[in-house]
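S.K.: For the sequence shown, the working numbering gives the first residue as 297, with consecutive numbering after it. Virtual Cβ for every residue (Gly too), placed ideally from N, Cα, C.
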Amino acid sequence: MAVLTVLDIIKDEGLLARATAIGERMRERLRGLAKQHHVIADVRGLGAMTGLELSTEGDLHRPATDLAAALKTEAAKRGLIILTCGNYNNIIRMMPPLTIEDAVLDEGLEIIEQSLVAAMQAQH
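Below is the structure:
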């Protein structure tokens, strides 16, 4: 059965551990970014799936939908496709492949940081 083959690959390739490592790396970097930019209200995730919630000055009751859309546009200009989600589309959702190299992951996180700064500057 195909599903058993997939489960064997997940086990043999250590993909669960890799998902954990990717997620920890991403969330650590994004939490550091949150300390610099109060528009980041929350960083959360499970495994490699990570969300970056944007709100006006970090107030969870004031979602920054326009900023999330601008960040998404700025990231696309730099070659990175990201998705927004949540009730107000103010959460940046990231789900990198489990086979991503650390250098490529770091490059993507750098693009997110640059895009956030550019989006914030464009709004002021």
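Are there 16 or more other CB atoms within 10 angstroms of the CB of residue 346, so buried, or fewer, so exposed?
M.R.: Translated into the one-based positions of the sequence shown, residue 346 becomes position 50. The residue is buried, with at least 16 neighbouring Cβ atoms inside 10 Å.
S.K.: Alpha carbon to alpha carbon, how far is residue 415 from residue 323? Give it in angstroms, no decimals.
M.R.: Here residue 323 refers to the residue found at position 27 of the sequence shown. Here residue 415 refers to the residue found at position 119 of the sequence shown. The alpha-carbon atoms of residue 323 and residue 415 are separated by roughly 21 Å.
S.K.: Specify the secondary structure class of residue 400 as computed by DSSP and reduced to three states.
M.R.: Along the sequence shown, one-based indexing puts residue 400 at 104. DSSP places residue 400 in helix when its eight states are reduced to three.
S.K.: For the stretch 312-331 and the stretch 358-370, state whether three or more C-beta atom pairs, one from each stretch, are separated by less than 8 Å.
M.R.: Flag = no, the stretch 312-331 and the stretch 358-370 do not touch.
S.K.: Buried or exposed for residue 377, going by 16 or more other Cβ atoms inside 10 Å?
M.R.: Taking the sequence shown and counting its residues from 1, the one referred to as residue 377 is at position 81. Burial call: exposed.
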